Amino acid sequence: MFTIVIVEDETVEREALKVIINKGFDHGVELLEAANGSDAIQLINSEPIDLMLLDINIPYPNGVDVLKHLRSVNTTTKVIVTTAVDDFEIARNMIGLKVDEYLLKPVRPQVLISHIKSFLSFDAEKYQQTKLIAEQLMTMLDNNLYTKWIQTVRAYVDWIYSQPNDPPQESINELARIIKQVAERRGKYLELLKKQIEQLKSLSFSQQNYYKVLSMVLTVSNTLFDEAQRQIGQTHAPMQKAFNYIERNLGKNLSLEEVAEKAHVTPSYLSRLFKKDAGINFVSYVKKRRIDIAKSLLDHSDMSITSVAMELSYNDPNYFGRTFKEETGLTPSEYKIRSKA
Numbered sequence: 000m001f002t003i004v005i006v007e008d009e010t011v012e013r014e015a016l017k018v019i020i021n022k023g024f025d026h027g028v029e030l031l032e033a034a035n036g037s038d039a040i041q042l043i044n045s046e047p048i049d050l051m052l053l054d055i056n057i058p059y060p061n062g063v064d065v066l067k068h069l070r071s072v073n074t075t076t077k078v079i080v081t082t083a084v085d086d087f088e089i090a091r092n093m094i095g096l097k098v099d100e101y102l103l104k105p106v107r108p109q110v111l112i113s114h115i116k117s118f119l120s121f122d123a124e125k126y127q128q129t130k131l132i133a134e135q136l137m138t139m140l141d142n143n144l145y146t147k148w149i150q151t152v153r154a155y156v157d158w159i160y161s162q163p164n165d166p167p168q169e170s171i172n173e174l175a176r177i178i179k180q181v182a183e184r185r186g187k188y189l190e191l192l193k194k195q196i197e198q199l200k201s202l203s204f205s206q207q208n209y210y211k212v213l214s215m216v217l218t219v220s221n222t223l224f225d226e227a228q229r230q231i232g233q234t235h236a237p238m239q240k241a242f243n244y245i246e247r248n249l250g251k252n253l254s255l256e257e258v259a260e261k262a263h264v265t266p267s268y269l270s271r272l273f274k275k276d277a278g279i280n281f282v283s284y285v286k287k288r289r290i291d292i293a294k295s296l297l298d299h300s301d302m303s304i305t306s307v308a309m310e311l312s313y314n315d316p317n318y319f320g321r322t323f324k325e326e327t328g329l330t331p332s333e334y335k336i337r338s339k340a
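Residue numbers (numbering that gives the first Met the number 0): 0 to 340.
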């Protein structure tokens, strides 16, 4: 997903540009807007921007100063400058500021979309994949399919960390943008969610940070579903609350009593729900989820087996090894060798 910023002080023109771009990209593009130079600089300082559509004659400060600030912090953002007059002096003032294209107003829709696709190295296949993921997540949110959502975003994070060539930072930012888009389109982009998405995007995406990244993605998902339920006057079912709490706390020693308290049910009732809904008891479910995470850490990080064990509250590496083999049929060392082969 690409982030495009429209910097235009005329409301009618700004809205027209939004319509043109939205028509050319029904998914896969996040549109932000600024009505003056000050707002544009604020966006530059807070958002990763792929392309800026800049009216050179905006006020407070003007377009040249905005572009100078952009280039002082970002040299890769593509810039299309729009102007009402074919003014050589404007172009001369921007020499050295890496303007990719100048367009005279009124901007022709086909020309604008063609330039945007060209400058962003538009990948039609990736665009369709992003569109499909966004549509699937919107369906899951609309139908309160919390467990399926968690499985989907967790698989996406695992996929990101399995790619040898794609930078995890870029791909995680892509996931954050998709979730933000889903929330905005469903009217659930509250302030807390905004802050959490910014925290997700600010994480350092090293292989060692896999578990932190996954935990933050789950936190963002939980906030979104909590808000969705609040808006329709419902609360999560006990099992959803239990799954939610377990996923966020797999690095702690979890007890049935603690999780039942968070789910607002008795331990005996929660125990019965686990056997009914998950098909296994509470202890087995937590053990399985921890080993799932352990496998991902061994697959996608350079952490030692002891470090993985400690990360998931196994204070005894030997016990961790026995538990791992019970679940997978392999010792952690055997699994790690096989996964790296």
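C-beta atoms are modelled at their ideal positions from N, C-alpha and C, and glycine is treated no differently.
Remember, predicted model here, so these are calculated numbers, not experimental data.
Limits of the unbroken alpha helix (DSSP H) element including residue i
i, result
"isoleucine 292", "281-299"
"glutamine 239", "237-247"
"glutamine 386", "A query on residue 386 cannot be resolved here, the shown segment of the chain reaching from 0 to 340 and no further."
"leucine 343", "This structure does not reach residue 343, given that the chain is present from 0 up to 340, and the question cannot be answered."
"isoleucine 196", "190-201"
"methionine 309", "304-310"
"serine 120", "Per DSSP, serine 120 belongs to no alpha helix (DSSP H) and is neither H nor E."
"phenylalanine 319", "316-327"
"glutamate 150", "The sequence shown places glutamine at residue 150, not glutamate. Segment 145-161, the alpha helix (DSSP H) holding glutamine 150."
"alanine 262", "255-262"
"arginine 271", "266-272"
Paired residues, beta bridge with residue i - DSSP
i, result
"valine 78", "Met51"
"phenylalanine 1", "Val28"
"glutamate 100", "Ile79"
"alanine 33", "Val6"
Residue nearest to residue i in terms of C-alpha spacing, selected from the options
i, options, result
"leucine 192", "Ile171, Ser170, Gln207 and Asn221", "Asn221"
"glutamate 246", "Pro316, Val152, Gln162 and Gln128", "Val152"
"lysine 240", "Ala262, Leu249 and Gln230", "Ala262"
"serine 45", "Pro58, Asn73 and Glu7", "Asn73"
"isoleucine 79", "Val63, Lys286 and Leu52", "Leu52"
"glutamate 7", "Gly328, Glu260 and Asn56", "Asn56"
"lysine 286", "Ser338, Lys324 and Pro47", "Lys324"
"isoleucine 20", "Pro47, Ser338 and Ser113", "Ser113"
"leucine 223", "Val63, Leu189 and Thr76", "Leu189"
"lysine 211", "Ile290, Glu310 and Ala236", "Glu310"
"arginine 107", "Leu202, Arg289, Val18 and Arg321", "Val18"
"arginine 176", "Leu329, Leu30 and Glu12", "Leu30"
"glutamate 183", "Leu136, Gln150 and Lys275", "Leu136"
"serine 203", "Gln230, Gln180, Asn172 and Lys179", "Asn172"
"aspartate 54", "Leu213, Val63 and Ile48", "Val63"
"lysine 349", "Pro237, Thr75 and Ser214", "Only positions 0 to 340 of the chain appear in the structure, and residue 349 is not among them; the question remains open."
"serine 120", "Tyr101, Thr75 and Leu96", "Thr75"
"methionine 302", "Val110, Lys335 and Glu260", "Lys335"
"isoleucine 43", "Asp25, Asn61 and Leu69", "Leu69"
"isoleucine 292", "Thr327, Leu16 and Ser201", "Thr327"
"leucine 249", "Ser267, Ile279, Ala133 and Leu213", "Leu213"
"threonine 2", "Gln180, Thr322 and Gln230", "Gln180"
"arginine 289", "Arg229, Ser267, Ser71 and Thr322", "Thr322"
"glutamate 169", "Asn317, Pro47, Leu16 and Thr10", "Pro47"
Cβ shell of residue i (< 7 Å), same chain only, five flanking positions each side left out
i, result
"serine 332", "Ile304"
"tyrosine 284", "Phe273 and Ala277"
"threonine 218", "Gln195 and Arg247"
"serine 252", "Residue identity differs from the one stated: residue 252 is asparagine in this sequence, not serine. Taken in chain order, the residues that qualify are Ser312."
"serine 338", "Leu297 and Asp298"
"valine 264", "Pro237"
CB-CB length for residue i against residue j, believed under 8 Å
i, j, result
"alanine 34", "valine 4", "The pair is not a contact, with the Cβ atoms about 12 Å apart (cut-off 8 Å)."
"methionine 0", "glycine 23", "Methionine 0 to glycine 23, Cβ: 14 Å. No contact."
"tyrosine 155", "leucine 174", "6 Å"
"lysine 116", "leucine 96", "At roughly 23 Å, the Cβ-Cβ gap does not stay under 8 Å, so lysine 116 and leucine 96 are not in contact."
Chain-order list of residues whose beta-carbon lies under 6 Å from that of residue i (same chain, five-residue window excluded)
i, result
"phenylalanine 319", "Ala308 and Tyr313"
"asparagine 243", "Asn221"
"serine 295", "Asp157"
"serine 37", "Tyr59"
"tyrosine 145", "Phe224 and Gln239"
"aspartate 315", "none"
"lysine 77", "Leu50, Asp99 and Phe118"
Cβ-based neighbour list, residue i, same chain, cut-off 8 Å, excluding 5 preceding and 5 following
i, result
"valine 258", "Ala241, Tyr244, Ile245, Leu269 and Phe281"
"histidine 299", "Asp157, Tyr160, Ser161, Gln206 and Tyr209"
"isoleucine 149", "Leu217, Ser220, Phe242 and Glu246"
"methionine 215", "Gln195, Gln198, Leu199 and Leu202"
"threonine 138", "Leu144"
"arginine 368", "Because the chain is modelled from 0 through 340, residue 368 falls outside the range shown and cannot be assessed."
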